[in-house]
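Here the structure is laid out as structure tokens; the discussion comes afterwards.
Protein chains in written order, with the working numbering: chain A, 569 to 758; chain B, 138 to 642.
In structure tokens, the structure reads:
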């Protein structure tokens, strides 16, 4: 009878041990990770995602396909020698065939996406822009801060589209190996 | 089953013999009571040199001051010419009514009374022929001299602190509060230790219900001895299932006096160099004596900083674990890159790293506290700096984790009360583990549990979160966070239910 009532204490001790040893925790370690900073979305389905980032100050990119945006995201996370995290994507580039409203909404409701990432359109496939440009992340940051046209954030773009049925987005194109803003395009819902 | 194991059914009562010594008061009874006590002394004397007038002097060596016994008791008994002419009954009456030079001389009615008087440092004069006895106060007052309050230093404030002598401590209070309203009630606690415990309060200012409750709780204490602060705290506090202190312990007489003036009650224990203040809500543990001496605006700034540091020390490791494990999107890109770079090659999980370092911090702190002065400092420096930086260089822990744990630890030192710091350290670990389980959700739930726990605590009827969550609907003066200047603090705190709330014109 002396052992009675010690079950909860034993369970608590086990839970603490598991947590401390990292077995019970549901989080993801921020080690062996590459942070994607720009994401290109092409196609209504299948969807091709191209993520660009910097690894030890070198530009890198990964590409993955999936029947829809969510599957393509999952596939992208499995690519490469390091885990690709999409939590710090600051620029979202939508290809010419990409359904803007649906993509904006899906990105907005995605747990890993930030709603402050800026939204751009691309003249050709968005993936080609990211893979063909020299230092695309740095260039996109420069365009975001000092570009001729201000790109709306994901939240602003989605809200404008929902409220007015249309949104104006800057269009990017590749000139040689350099990304440039070549104009703006108004996208209408539907 | 409670947290202290299964509740036991009331068993046999703690055996208590009343009276302790039932035999009639005589030399043999005292010698039996002090059998095998090398420090017990008895000496047969002849009053004024007359062998028919026999008196037995009993004392416990070390408890009496020898000079007092010689000068105030033995000398008059040997030299008072009037004693030679009086019969023994007359000698007894003369000695009881002023023939001895002691401050206090009283007749002993029982063996118990005589025994406990001897243990208190008195001398017992037995008159075998009369069957009577006198008790003379001759206790030694050897004690540590009043020194600086090392645990609660303050600039622009008094430099004296309580010592282990109860009477010295009450005198330190009386010298500051020269008021006839200051009451010092005494209770003897502990069957074996028989420790005098004094309850101090200002009549007409302190809540009589609080004073009565302190009296009741002290009276209900039936234990073998009161030897350290924990003994008293755990019997006086409202609840034991909490790490949070419910009595404020202070070394500073001025702090005790300030609290008596605000309507609180003080408790002093013989042998302890601290005073206990009650009721004590959370805000009281976050005030320091320095607050009263600083400019009120500076004081407000420092208090706000202290509260911020309290939140930081509680939540910083938990927020770090949450952000890194569950919500990396919360971390700005440059910082995230630094964290990733720092984490590279570290073999341990983030939660393990943080918990390990938190525990290491506690170990170093304990080691520093237990070792004497300079050695303790050396261990702290060696442990903190050398081992810390070596662990980072060896890639055992990441620098980010080291910075987080060190910042949380240092922020904890801004809390003036060590008792509160202990509770905060326990909860910091709990919050960190909750963060490891469920990220910010876990932190929020554990934080809510903490607030719920605090909201459920009281100290002598005063809600622990007063005045933040329970102002009892009355105007709060002398606010906890934003203190107003003293000339505008005209009322004592409403929560203390003072009979006279106004403290100035």
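Beta carbons: idealized from backbone N, C-alpha and C, even for Gly.
The structure presented is a predicted model; accordingly, all values stated were derived computationally and were not measured.
Of the residues that make up the stretch 470 to 500 of chain B, which ones have a beta carbon closer than 9 Å to any beta carbon in chain A?
470, 473, 474, 476, 477, 478, 480, 481, 482, 483, 485, 486, 487, 488, 489, 492 and 493
Between residue 692/A and residue 581/B, what straight-line distance do the alpha-carbon atoms span, to the nearest angstrom?
46 Å
Under 8 Å, Cβ to Cβ, is there at least one residue of chain B near residue 599/A?
yes
Residue 457/B and residue 541/B - do their beta-carbons sit closer together than 8 Å?
yes
Throw me the rounded Cβ distance for the residue 630/A and residue 644/A pair, which I believe falls under 8 Å.
6 Å
Can you pull the DSSP bridge partners for residue 338/B?
320/B
Cβ-based burial, residue 642/B [other Cβ within 10 Å; buried from 16]:
exposed
When you check each C-beta in the stretch 445 to 471 of chain B against every C-beta of chain A, which residues fall closer than 7 Å?
461, 462, 463, 465, 466 and 470
Beta-carbon proximity check, residue 487/B vs residue 461/B, cutoff 8 Å
yes
In chain order, each beta strand (DSSP E) run of at least 3 residues that lies wholly inside the stretch 644 to 692 of chain A
651 to 653, 659 to 662 and 686 to 690
Do residue 690/A and residue 740/A have their beta-carbon atoms positioned less than 8 Å apart in this structure?
yes
Between residue 652/B and residue 268/B, what straight-line distance do the alpha-carbon atoms span, to the nearest angstrom?
Because chain B spans 138 through 642 in this model, residue 652/B falls outside it and cannot be assessed.
Residue ranges of each alpha helix (DSSP H) run of no fewer than 4 residues wholly in the stretch 222 to 294 of chain B, ordered along the chain?
225 to 231 and 248 to 256
Selection from 724/A, 746/A, 710/A and 717/A that minimises the alpha carbon distance to residue 753/A:
717/A
With DSSP as the reference, label residue 192/B as helix, strand or coil.
strand
Anyone know if the C-beta pair for residue 697/A and residue 742/A falls short of 8 Å?
yes
For residue 720/A and residue 669/A, the rounded distance between their alpha carbons
Going by C-alpha positions, residue 669/A is about 14 Å away from residue 720/A.
Report back the beta-carbon spacing between residue 182/B and residue 245/B to the nearest angstrom; my notes put them in contact at under 8 Å.
Your pair residue 182/B and residue 245/B does not check out as a contact, with CB atoms roughly 17 Å apart and the cut at 8 Å.
Check for me: the alpha helix (DSSP H) holding residue 390/B runs from which residue to which?
390 to 398
Beta-carbon proximity list for residue 499/B, same chain, < 7 Å, skipping 5 on both sides
Only 562 meet the Cβ criterion.
Cβ-based burial, residue 186/B [other Cβ within 10 Å; buried from 16]
exposed
Could one say the Cβ of residue 596/A lies closer than 8 Å to chain B's Cβ atoms, at least one of them?
yes
Identity of the residue in 295/B, 315/B, 253/B and 389/B nearest residue 333/B by Cα
253/B
Does DSSP put residue 573/A in a helix, a strand or coil?
Unreliable placement is indicated for residue 573/A, whose pLDDT of 49 sits below 50; no coordinate value is reported for it.
Chain B residues whose Cβ lies nearer than 8 Å to that of residue 700/A:
Result: empty, since nearest Cβ-Cβ is about 23 Å, beyond 8 Å.
C-beta neighbour in chain A for residue 589/B, strict 8 Å
no
Can you check whether the C-beta of residue 576/B is within less than 8 Å of a C-beta belonging to chain A?
yes
Report the neighbours of residue 737/A on chain B: residues whose CB is nearer than 8 Å to its CB, in chain order.
Close partners of residue 737/A in chain B (Cβ separation under 8 Å) are lacking, with about 23 Å as the shortest Cβ gap.
Using a C-beta cutoff of 8 Å, does residue 655/A count as contacting chain B?
Yes, contact with chain B.
So, under 8 Å CB-CB, residue 437/B and residue 619/B are touching, yes? Tell me the CB distance rounded to an integer number of Å.
5 Å
Measure the C-alpha to C-alpha separation of residue 304/B and residue 404/B and round it to an integer number of angstroms.
Each residue's CA atom was taken as its position, placing residue 304/B and residue 404/B some 13 Å apart.
Is the shortest distance between the beta-carbon of residue 603/A and the beta-carbons of chain B less than 8 Å?
yes
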